[in-house]
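Structure first, then comments.
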Amino acid sequence: MASSLAKGKTTIEIAASEPHVKELGNFLLKMGLKIKGQGTHTIEIEGSKRLLQGCKWTVPPDYIEAGTFLIAFAITHGQGKIKNTKPEDLTFFLDKMKEIGVNFKVRPATANLLAFDASNG
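Spelled out as C-alpha cells, the structure:
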C-alpha cells in the first residue's frame, strides 16, 4: 500500500499470495493503482503522485473462518453448508483434509455456497 505513492516501480518478490492479499491488490487496482501480479509471488506496483480514488467494494468472506467450519464438520463426521464463501479459496483446507485421510464429499453448489459432507467418514 505504501508503494502506491512511492516514485517509480516497486517489485515485491516472494510476496504472499493468499486470497486476502490478492483481494487487497484487486481493491487497489479498482481504486486506480497500477498493479500487476495479484495472487502470485511477484507483485509490481507503479507509484503515483496522486492519491487513489474511492470505489465501491464488497468485503470478501473470511476463508479462515469457513475453513474452521469445514474442520468442525470433519471432526464430528457431520455435514453442512457454508454460505457466502468462495469455494476456490478453500482448496488448501480441502487438500489437507484429503491428505490426512478425511473421507468427505463436496456437493455441487452455487458460486457462493459450499456443501460439505463427512458423515460417511
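First residue of the sequence shown: 252, per the working numbering; consecutive thereafter. Cβ coordinates follow ideal geometry from the N, Cα and C atoms, glycine included.
> Among Gly290, Lys285, Thr291 and Leu280, which has the Cα closest to the Cα of Trp308?
Replying inline: Against the sequence shown, residue 308 aligns to sequence position 57. The shortest Cα separation from Trp308 among Gly290, Lys285, Thr291 and Leu280 belongs to Leu280.
> How many angstroms separate the CA atom of Lys356 from the CA atom of Met348?
Replying inline: The residue labelled residue 356 in the question sits at position 105 within the sequence shown. The residue labelled residue 348 in the question sits at position 97 within the sequence shown. So the alpha carbons of these two residues sit roughly 11 angstroms apart.
> Helix, strand or coil: which one does DSSP assign to Glu269?
Replying inline: As a first step, residue 269 is located in the sequence shown; it is residue number 18 there, counting from the start. Looking at Glu269 - three-state DSSP - the assignment turns out to be coil, as it is neither helix nor strand.
>> Tell me the residue span of the alpha helix (DSSP H) that contains Glu316.
In response: Working through the sequence shown from its first residue, we reach residue 316 at position 65. That run of the alpha helix (DSSP H) goes Tyr314 to Ile326.
> Going by other Cβ atoms of all chains shown within 10 Å of its Cβ, with 16 needed for buried, is Phe367 buried or exposed?
Replying inline: In the sequence shown, residue 367 corresponds to position 116, counting from 1. Classification for Phe367: buried.
>> Comparing C-alpha positions only, which one of Leu303, Val310, Phe344 and Glu297 sits nearest to Gly259?
In response: Numbered from 1 along the sequence shown, position 8 holds the residue referred to as residue 259. For Gly259, the nearest C-alpha among the options comes from Glu297.
>> Within a Cβ cutoff of 7 angstroms, which residues of the same chain sit near Ser255, ignoring the five residues on either side of it in sequence?
In response: Here residue 255 refers to the residue found at position 4 when the sequence shown is read from its first residue. Correct list, in chain order: Leu279, Leu284, Ile296, Gly298, Ser299 and Leu303.
> In three-state DSSP terms, what is Asn342?
Replying inline: In the sequence shown, the residue the question calls residue 342 occupies position 91. Residue 342 is actually Thr in this sequence, not Asn. In this structure, Thr342 counts as helix in the three-state DSSP scheme.
> Who are Leu365's beta bridge partners in DSSP?
Replying inline: Along the sequence shown, one-based indexing puts residue 365 at 114. Leu365 is bridged to Ile333.
> Do Leu341 and Tyr314 have their C-beta atoms closer together than 8 angstroms?
Replying inline: By one-based count along the sequence shown, residue 341 stands at place 90. By one-based count along the sequence shown, residue 314 stands at place 63. Yes.
> Closest to Ser268 by CA distance: which of Ala253, Ala257, Thr262 and Ile294 is it?
Replying inline: Here residue 268 refers to the residue found at position 17 when the sequence shown is read from its first residue. Closest option to Ser268, Cα to Cα, is Ile294.
> Ordered along the chain, which non-local residues of its own chain (more than five positions away) have a Cβ less than 8 angstroms from that of Thr319?
Replying inline: Along the sequence shown, read from residue 1 onward, the residue named residue 319 stands at position 68. Result list for Thr319: empty, nothing under 8 angstroms.
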